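Colleague: Residue numbers for the first sequence follow this note's numbering, so the first one is 17 and each next one is one higher.
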Amino acid sequence: MKLATWNVNSLKVRLPQVLDWLATAKPDTLCLQELKLEDRNFPLAEIEAAGYKAVFSGQKTYNGVAILARDLPVDVSVGIPGFADEQKRVIAATIGKVRVISAYFPNGQAVGSEKFAYKLAWLEALTRWLADELRRYPALALLGDYNIAPDERDAHPDWQEEIHVSAPERDAFRALTALGLTDAFRLFEQPEKSFSWWDYRMMAFRRNFGLRIDHILLSAELAARCTACSVDKAPRKLERPSDHAPVVADIEDLAA
DNA sequence: ATGGCGCATGGAATGCGA
Numbered sequence: 017m018k019l020a021t022w023n024v025n026s027l028k029v030r031l032p033q034v035l036d037w038l039a040t041a042k043p044d045t046l047c048l049q050e051l052k053l054e055d056r057n058f059p060l061a062e063i064e065a066a067g068y069k070a071v072f073s074g075q076k077t078y079n080g081v082a083i084l085a086r087d088l089p090v091d092v093s094v095g096i097p098g099f100a101d102e103q104k105r106v107i108a109a110t111i112g113k114v115r116v117i118s119a120y121f122p123n124g125q126a127v128g129s130e131k132f133a134y135k136l137a138w139l140e141a142l143t144r145w146l147a148d149e150l151r152r153y154p155a156l157a158l159l160g161d162y163n164i165a166p167d168e169r170d171a172h173p174d175w176q177e178e179i180h181v182s183a184p185e186r187d188a189f190r191a192l193t194a195l196g197l198t199d200a201f202r203l204f205e206q207p208e209k210s211f212s213w214w215d216y217r218m219m220a221f222r223r224n225f226g227l228r229i230d231h232i233l234l235s236a237e238l239a240a241r242c243t244a245c246s247v248d249k250a251p252r253k254l255e256r257p258s259d260h261a262p263v264v265a266d267i268e269d270l271a272a
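1) Examine the Cβ distances between the segment 48-62 and the segment 75-84 and report whether three or more of them are shorter than 8 Å.
2) Would you mind stating whether PHE121 and ASP170 have Cβ atoms separated by less than 9 Å?
3) According to DSSP, is LEU302 helix, strand or coil?
4) What number of angstroms, rounded off, separates the C-alpha of GLY128 from the C-alpha of ILE111?
5) Please state the DSSP three-state secondary structure of TYR162.
6) Can you look up THR193 in the DSSP assignment and give me helix, strand or coil?
7) LYS113 to ASP161, Cα distance in whole Å?
8) Could you give the residue range of the beta strand (DSSP E) that holds TRP37?
9) Suppose you measure from the CA of TYR56 to the CA of GLU62; what does that come to, to the nearest Å?
10) Nearest to ALA66 by CA position, among ALA220, VAL90, VAL34, is which residue?
11) Could you check if GLY98 is buried or exposed, using at least 16 other CB atoms within 10 Å of its CB as the buried criterion?
12) Please identify the residue among ALA157, GLY226, PRO207 whose C-alpha is closest to the C-alpha of ILE267.
13) So, using beta-carbon positions, are HIS231 and ASN25 closer together than 9 Å?
14) Could you give the DSSP three-state label for THR143: helix, strand or coil?
15) In chain order, what residues of the same chain have a beta carbon less than 8 Å from the beta carbon of ALA147, not counting five sequence neighbours either side?
16) Which stretch, first to last residue, makes up the alpha helix (DSSP H) that contains ALA61?
17) How is ASN57 classed by DSSP in three states: helix, strand or coil?
18) Give every residue of the same chain whose Cβ lies closer than 8 Å to the Cβ of TRP145, excluding the five residues on either side of it in the sequence, and list them in chain order.
19) Buried or exposed, going by whether 16 or more other CB atoms sit within 10 Å of the CB of ASP87?
20) Kindly list the residues whose CB is nearer than 8 Å to the CB of ALA141, restricted to its own chain and excluding five residues on each side of it in sequence; keep chain order.
21) Taking THR77 as the reference, which of LEU27, SER93, GLN176, ALA265 has the closest Cα?
22) Need the endpoints of the alpha helix (DSSP H) that ALA236 sits in, please.
23) Just to check my reading of the structure: ILE229 and TRP213 have Cβ atoms closer than 8 Å, yes? What is that Cβ distance to the nearest angstrom?
24) With H, G and I counted as helix, E and B as strand and the rest as coil, what does DSSP make of TYR134?
25) Could you check which residue in THR193, LEU38, ASP269, TYR153 has the C-alpha nearest to that of ALA250?
26) Around the Cβ of ASN23, are there at least 16 other Cβ atoms within 10 angstroms (buried) or fewer (exposed)?
27) For LEU150, which option in THR243, ARG217, ASP36, GLU237 has the closest C-alpha, if you only look at C-alpha atoms?
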């Protein structure tokens with residue numbers, strides 16, 4: 017089973033690239049973030065024609081998340097229960113035996129800002145909810161744009177901003193993993209300076225001036241069956257790319 | 001040097017992302 021996540025920065029603009037990537041990478045499940053479109057404009061026909069089902073929660077201009085899967089996603093839930101939020105950042109569904117969550121974590125703008133406080137409150141609510149979800153669903157994967165580079169090696173050494181690498185954000189990431197979730201990428205040997213996002217400006221991609229902020233966290237049951245995890249940089253090299261690259265994990269099928 | 005680029009809205013210039 018191949019699980020993937022990709023912040024597409026507008027599904028309307030990136031749809032051809034998403035369809036191409038589905039055809040070549042052939043994931044079983046693909047979580048998308050930053051759709052930037054309302055549900056009535058979701059390109060369901062094109063995605064179904066490519067052989068995928070989809071569930072989604074979108075809004076105009078900002079945010080928006082989806083789960084694409086070969087098999088029908090069921091028991092769909094939107095948002096974080098008990099956390100009132102206009103921003104469409106979370107969708108969860110069960111695909112086969114696996115609970116899949118596609119999440120677009122808040123950016124946070126700058127440490128100490130109002131948006132930073134929202135980011136930390138959102139993370140706390142997510143973590144509280146995930147504790148329950150893990151009890152209900154032992155085979156669980158949390159995929160998405162976390163907007164957190166969890167470790168020093170996950171940020172280019174010249175990264176000058178505090179946001180994405182600050183201690184409170186990294187503490188919040190650790191609180192999530194402390195629930196029993198494993199960063200699939202770090203189960204394996206990886207090239208140095210492996211990132212998943214590069215700014216459009218400053219020739220950042222060419223200089224590999226990036227951050228690893230897109231992650232696949234796996235519950236123990238799935239982590240034990242994970243055989244590979246990598247960033248696919250190919251779509252970042254295309255014309256009019258998203259600023260994020262997809263992250264992919266391979267997981268051995270669960271016993272019937 | 002806080003900008004650069006790309007996308008959204010709206011139909012020019014501005015806000016936001018990370």
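Backbone N, C-alpha and C fix where the C-beta goes; we use that ideal spot for every residue, glycine too. Bear in mind that the values here come from a model prediction, so they are computed numbers and not experimental data.
Modeller: According to the data block:
1) yes
2) Indexing the first sequence from 1 puts residue 121 at position 105. Indexing the first sequence from 1 puts residue 170 at position 154. No; because the gap between Cβ atoms is not below 9 Å, this pair is not in contact.
3) The first residue shown for the chain is 17 and the last is 272, placing residue 302 beyond what the model contains.
4) Locating residue 128 in the first sequence gives position 112, where the first residue counts as 1. Locating residue 111 in the first sequence gives position 95, where the first residue counts as 1. Their backbone Cα atoms lie some 38 Å apart in a straight line.
5) Looking up residue 162 in the first sequence gives position 146. Residue state, collapsed to three classes: coil.
6) If you number the first sequence from 1, residue 193 lands on position 177. The answer is helix: DSSP assigns THR193 an H, G or I state.
7) Taking the first residue of the first sequence as 1, we reach residue 113 at position 97. Taking the first residue of the first sequence as 1, we reach residue 161 at position 145. Those two C-alpha atoms are separated by around 23 Å.
8) Translated into positions along the first sequence, residue 37 becomes position 21. No beta strand (DSSP E) holds TRP37; the alpha helix (DSSP H) holding it covers 27-41.
9) As a working note, residue 56 is residue 40 in the first sequence. As a working note, residue 62 is residue 46 in the first sequence. With the sequence shown as reference, residue 56 is identified as Arg, and Tyr is not the correct amino acid for it. Cα to Cα, ARG56 sits roughly 14 Å from GLU62.
10) Residue 66 sits at position 50 when you count from the first residue of the first sequence. Of the candidates ALA220, VAL90, VAL34, the one whose C-alpha sits nearest the C-alpha of ALA66 is VAL34.
11) Along the first sequence, read from residue 1 onward, the residue named residue 98 stands at position 82. It is exposed - the Cβ of GLY98 has fewer than 16 other Cβ atoms within 10 Å.
12) Numbered from its first residue, the first sequence carries residue 267 at position 251. That would be ALA157, whose Cα lies nearest to the Cα of ILE267.
13) Numbered from its first residue, the first sequence carries residue 231 at position 215. Numbered from its first residue, the first sequence carries residue 25 at position 9. Not a contact, by the Cβ cut-off of 9 Å.
14) Residue 143 sits at position 127 when you count from the first residue of the first sequence. Helix at THR143.
15) For the purposes of this step, residue 147 is identified with residue 131 of the first sequence, where counting begins at 1. Here the set comprises LEU195.
16) Along the first sequence, one-based indexing puts residue 61 at 45. ALA61 -> alpha helix (DSSP H) spans 60-65.
17) For the purposes of this step, residue 57 is identified with residue 41 of the first sequence, where counting begins at 1. Here ASN57 sits in helix by DSSP.
18) For this step, residue 145 is matched to residue 129 along the first sequence. Cβ within range, chain order: ILE96, PRO97, GLY98, PHE99.
19) If you number the first sequence from 1, residue 87 lands on position 71. ASP87 should be labelled exposed.
20) Indexing the first sequence from 1 puts residue 141 at position 125. The answer, listed in chain order, is ILE96, GLY98, PHE99.
21) Counted from its first residue, the first sequence places residue 77 at position 61. The shortest Cα separation from THR77 among LEU27, SER93, GLN176, ALA265 belongs to LEU27.
22) Translated into the one-based positions of the first sequence, residue 236 becomes position 220. From DSSP, the alpha helix (DSSP H) with ALA236 extends over 236-239.
23) Here the question's residue 229 lines up with position 213 in the first sequence. Here the question's residue 213 lines up with position 197 in the first sequence. 5 Å between Cβ atoms; contact.
24) On the first sequence, position 118 is the one that residue 134 refers to. It is helical.
25) Counting from one through the first sequence, the residue named residue 250 turns up at place 234. Closest by alpha carbon: LEU38.
26) For this step, residue 23 is matched to residue 7 along the first sequence. Result: buried.
27) As a first step, residue 150 must be located in the first sequence, where it is residue number 134. Among THR243, ARG217, ASP36, GLU237, the Cα nearest to that of LEU150 belongs to GLU237.
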